[in-house]
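See below for the structure under consideration.
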Amino acid sequence: MVDKQAIFNGKPCDRSLVANRGMAYGDGLYETLLVNDGKPLWLDEHLARLLSGATRLQLDIDSTALLEDVRAICAPVKGRRVLKILCFRRSGGRGYQPQSRTAERLLSLWPAPGGELWHHGARLMLCQTRMAMNAQFAGIKHCNRLEQVMATEELQGSTCDEGLMLDTSGRVIEGTRSNLFAVSSGKLYTPSLNESGVAGIMREKILHWAKAQGIPTLQVNMGPSMLQRADEIFVCNSVFGLWPVLSIGCLQKSIGPMSGAAQAHFESQFHA
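In this text, residue positions in the sequence shown follow the working numbering: the first is 8, and each later residue adds one.
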């Protein structure tokens, strides 16, 4: 008979840990969002992205049960926290072959970041780790994040706050945990995410805001030279909000008026 026991760090453990497809294969999706006094910020948008990604991964998420979980974990929250929603395929099947389309849910709360870089700006570095190009998974927040892990490792020991990542063809895509915008001659540019990267909720909110202000917005194949020519640069996500960029390596930038206008518009969501 085959021994079905498992050992974790030298001690016997439940085989459910081994069978978890999210841990074993990254077979799942996640969302991280800010919670202010029990109210998740842009919950509808986050759930819509989660469910859209689940369709692409052929995962069935019980959205009603998930919403109940969100309400239950967020209701007692006082102040600001970060909610992480993790949905992964139910255990089963041998090797890569999935046995089920049913997604299991794991929700957790974490401390929210401070607002220092919102006010003072962030310093970026160009990471050596490149992002793979795969249109099938581009845009969604799947659990395969080794590229971001290794890129973030490059930040260790530096004075930088965020790392900027290129794809394997040398195009600028995003930060390790953020989307990127560049302003040039009154136009707002952001990298196209057709082949890699995460289509962030804050990114989408900024695009909508800019269009409402009559600011031309363009999603483009962005080379590093565009950043050199940019009048201002900022990065964003739906947890920390918006950071103006002070530098990328030796490239120096100043906090500009469009960054300030965007911050003024979103201030109440992130610093109520």
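Cβ atoms here follow ideal geometry from the backbone N, Cα and C, with glycine treated the same way. All values reported here derive from a predicted model rather than from experimental measurement.
Touch check for the segment 196-208 and the segment 217-228: three-plus C-beta pairs under 8 Å? yes
If you follow the beta strand (DSSP E) that Ile92 is part of, which residue opens it and which one closes it? Arg87 to Arg96
For Arg88, collect the residues of the same chain with a Cβ closer than 6 Å to its Cβ; drop the 5 residues on either side in sequence, then sort them by chain order. Val42, Leu116 and Ala119
Report the three-state DSSP secondary structure of Gln276 (helix, strand or coil). helix
Does the segment 56-64 come into contact with the segment 139-152, if we say contact requires no fewer than three beta-carbon pairs (one atom in each stretch) closer than 8 Å? yes
Classification of Asn16 by the beta-carbon crowding that lies within 10 angstroms, buried from 16 upward: exposed
At a Cβ threshold of 8 Å, is Gly100 touching chain C? In the structure shown, chain C cannot be found, because there is only a single protein chain.
Over what stretch of residues does the alpha helix (DSSP H) that includes Arg78 continue unbroken? Ser70 to Cys81
Entirely within the segment 94-182 and at least 4 residues each: give me those alpha helix (DSSP H) ranges in chain order. 123-127 and 153-162
Mind checking who Asn43 pairs with in its DSSP beta bridge? Lys46 and Arg87
Boundaries of the alpha helix (DSSP H) in which Pro231 is found, first to last residue: Pro231 to Arg236
Output yes or no for whether 8 Å exceeds the beta carbon distance between Ala129 and Val252. yes
Secondary structure of Gly248, DSSP reduced to three states: strand
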